[in-house]
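Per the numbering used here, the sequence shown starts with residue 23, numbered consecutively.
Just so you know, even glycine gets a beta-carbon here, dropped at the ideal spot from N, CA and C.
The next block holds one structure in the form of structure tokens; read it before the comments.
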Amino acid sequence: MTTSNKNSTVAVLMGSDSDLPVMQACIDQLKYFKIEPEVHVMSAHRTPDIAADFAKSAEKKGIKVIIAAAGMAAHLAGAMAAHSQLPIIGIPLAASSSPAGLDALLSTVQMPPGLPVATMAVGKAGAKNAAILAAQIIATADEQMKNKVKIFRQEQTEKVLKKDKALQEKL
Ligand code: RP5
């Protein structure tokens, strides 16, 4: 899968197309913020040169944040951090061989000092939060994005209040 968008400010990378069902939550959340991401399948292990080349050229292409998701011995986010100064958001994914995703969580979060990866929760929650964090990073230098994040939070609050109201009526 390759969605090359020349004007993308956010790249969404995943180690395999088998990661897409979870990563769709990230893509959908970015689209909510009107961010059209550049999306690729690439792997720190299976396509190491392609991954390194992507990281090295991302900033020049206008990418501001790289989101990298992988399962098992997940090194995609770390590989991005090794070759790029952009903020890297890592999403550990659960694979069928490791349903809890603890292997990927530790592989993503335990970066050596000097090369940070902002590691999200495992799976769909992490995928969604990665998109929100990317929007928040862009919002530091973009008033329109700041407003979109503000509206997102207001909508989220309203949804919780509505659920509480429904609960009160039910009990
Ligand atoms: C990782 O290995 C991928 O990110 C995926 O989560 C896992 C399994 O990959 P496939 O065998 O499904 O391609 O690199």
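- Counting the other Cβ atoms within 10 Å of the Cβ of T179 gives fewer than 16, which makes it exposed.
- For L115, the Cβ falls inside the 7 Å cut-off from some heavy atom of the ligand RP5.
- In chain order, G37 place their CB closer than 6 Å to the CB of S65, counting only its own chain and leaving out the 5 sequence neighbours on each side.
- In this structure, M102 is the residue among M102, G145, F174, K181 with its C-alpha nearest to the C-alpha of I72.
- P43 and A188 have their alpha carbons spaced roughly 31 Å apart.
- In terms of CA proximity to S30, K53 leads the group K53, A47, D39.
- For D71, the Cβ stays outside the 7 Å cut-off from all heavy atoms of the ligand RP5.
- In the DSSP assignment, P135 falls outside any alpha helix (DSSP H), carrying neither H nor E.
- Per DSSP, E60 lies in no alpha helix (DSSP H) segment; the continuous beta strand (DSSP E) that holds it begins and ends at 60-63.
- Non-local C-beta neighbours of A117 in its own chain, meaning closer than 6 Å and more than five positions away in sequence, comprise G93, M94, ordered along the chain.
- For the ligand RP5, no non-hydrogen atom lies closer than 7 Å to the CB of G112.
- The C-beta distance from D39 to V63 rounds to 5 Å, short enough to fall under 8 Å.
- Counting C-beta pairs with one atom in each stretch, the segment 128-140 and the segment 164-184 have fewer than three that are closer than 8 Å, which means they do not touch.
- In the three-state DSSP reduction, P121 falls in the coil class, being neither helix nor strand.
- L124 and H97 have their C-alpha atoms roughly 13 Å apart.
- Spatial neighbours of I110 in its own chain (CB-CB distance under 6 Å, excluding positions within 5 residues in sequence) are listed in chain order as I88, A99, M102, A103, V139.
- With respect to the 8 Å criterion, C48 and K150 are classified as neighbours on the basis of their beta carbons.
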